[in-house]
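This report refers to the structure that appears directly beneath it.
Below, the structure written as structure tokens:
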């Protein structure tokens, strides 16, 4: 006889510890264990995996449908812990235990992400199409919307951001209509990720903030921290480097304590990229190396390729060309195996910049630029065109493309580089007034970025990399207007605390 006054928490722990099921029906007990493990993934992925393994051991003794529930719970714990091979094993075994088309399709939905993280994009997309076909036949609209989100994850990973954004937006609208604000918030978070890649920063920031508020309200800390991580990434691209580093530190602390190793690794990778933008090259090199070692230990090929890419760029900037090429070749191999055309193009551009011959370098960049999918890689399209404009100041097509490039419009340090090159072109043609105006606009953008950095190390390193516009302004005024030259020098040295237009004779 089953009692009704049993403490569910005690029954769960007794079952996981001893295998005794007295006091709760097996179905209720299995559901309760599943909930416990999923809740634990918010706090500690390693502990969730341990509980999942205990659940599977006890369930195999009991037999029946409990085994199916236990395997799915353990599979999810493995996903959160970034252990994708064992996660796939659990889900595939669970799929064999049922003939229910809806249950099998729901397992396929999770396998989309699992195979994506394993770099098996073709299999991930196949599972997605298979699951969506079942849900359409069964009119399972909520399941279909969830699957579209997983399918969009793969498209996003493959740099097919516009397609992914549309799917995320459609799913979010569906869940809003259903009154499921948690599911809608998850869609907003994912849509924001694609909007960052498409350089729609204000819309992305609004979606991140909205989703984070909802996750906080429902005590979904892991999801809320994910939104903060997205904001850190956005702020890094906007040039708010100090804010980005502070947000990354908060995310790293949480992920480290919760055992979220993949997410923690992503934070470390973004830290390396931020150091590159700040010209803190030894820090970028060391951080990328540390990330590469961790990615290898976790068996994460995509993250390992990113670490090699950032390492190659840091070594290149430090003048260690041979070592840089080794790292970039490793990154290229990783991204090729992942099928990620975006990063593959970025690596090839970085490798082209290591070439000594200017003409050979230009030819390589022209070839790579022409092979980039139009509009899918705005930042790397801009970097290619900036390099072309630097080597060939009258490259009309590069200048035309830069004038409409989204990354140039919204990334101040990239726009400053473009303004500086336009000033150089005008100066070369004797149009001094126009040249000074372009350099001044570049200097003001850089001043705004530099002034929000903590003093000394970050500010000085940033100046070393992004001081070109100031150097040109100072040089242009030295003979004609020494006071204005002194004003620009003072502004350069104080990062905008003292304004140039307040100087005597300015």
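Residue numbers (my numbering): 13 to 518. The beta-carbon is built from N, C-alpha and C at its ideal position, and this holds for glycine as well.
Residue interval of the alpha helix (DSSP H) (run including residue i)
i           : result
residue 56  : Counting along the chain, residue 56 falls outside any alpha helix (DSSP H), and DSSP gives it neither H nor E.
residue 441 : From DSSP, residue 441 is part of no alpha helix (DSSP H); its letter is neither H nor E.
residue 481 : 480-489
residue 366 : Premise fails: residue 366 is in no alpha helix (DSSP H) and is neither H nor E.
residue 330 : Note, residue 330: premise wrong, no alpha helix (DSSP H); not H, not E.
residue 178 : 173-190
residue 168 : 153-169
residue 384 : Residue 384 -> no alpha helix (DSSP H), and no H or E assigned at all.
residue 87  : 77-92
Check whether residue i and residue j have beta carbons under 8 Å apart
i           : j           : result
residue 147 : residue 136 : no
residue 381 : residue 393 : yes
residue 284 : residue 324 : no
residue 201 : residue 242 : yes
residue 454 : residue 481 : yes
residue 85  : residue 40  : no
residue 239 : residue 253 : no
residue 247 : residue 237 : no
residue 149 : residue 88  : no
residue 155 : residue 117 : yes
residue 231 : residue 220 : no
residue 280 : residue 302 : yes
residue 121 : residue 143 : yes
residue 274 : residue 94  : yes
residue 167 : residue 160 : no
residue 157 : residue 197 : no
residue 79  : residue 109 : yes
residue 31  : residue 70  : yes
residue 465 : residue 427 : no
residue 293 : residue 326 : yes
DSSP three-state assignment for residue i, whether helix, strand or coil
i           : result
residue 293 : helix
residue 250 : coil
residue 402 : helix
residue 32  : coil
residue 225 : helix
residue 407 : coil
residue 212 : coil
residue 492 : coil
residue 258 : helix
residue 417 : coil
residue 425 : helix
residue 271 : coil
residue 196 : helix
residue 388 : coil
residue 42  : helix
residue 244 : helix
residue 66  : helix
residue 230 : coil
residue 16  : No answer about residue 16 holds up, because its pLDDT of 48 lies below 50 and its placement is not dependable.
residue 308 : helix
residue 351 : coil
residue 74  : helix
residue 95  : coil
residue 477 : helix
Identity of the residue in the options nearest residue i by Cα
i           : options               : result
residue 312 : 276, 325, 327 and 341 : 276
residue 375 : 254, 191, 404 and 131 : 404
residue 269 : 22, 43, 55 and 33     : 55
residue 37  : 59, 77 and 432        : 77
residue 96  : 280, 314, 206 and 208 : 314
residue 402 : 424, 389 and 377      : 377
residue 425 : 460, 446 and 33       : 460
residue 420 : 397, 445, 25 and 180  : 397
residue 318 : 155, 344, 450 and 94  : 344
residue 138 : 123, 151 and 33       : 123
residue 349 : 235, 185, 440 and 170 : 170
residue 102 : 68, 131 and 181       : 68
residue 306 : 352, 295, 432 and 320 : 320
residue 486 : 472, 501 and 473      : 501
residue 172 : 475, 133, 400 and 73  : 133
residue 58  : 91, 265, 331 and 449  : 91
residue 365 : 395, 140, 181 and 309 : 395
residue 262 : 233, 64, 390 and 209  : 233
Cβ-heavy atom distance, residue i to the ligand PLP, below 7 Å
i           : result
residue 228 : Ligands displayed in this structure: none; no statement on the ligand PLP is therefore possible.
Min CB distance residue i to chain B below 8 Å
i           : result
residue 125 : Absence of chain B from the displayed structure is noted, only one protein chain being present.
Complete beta strand (DSSP E) runs within the region 97-147 (minimum length 3 residues, chain order): none
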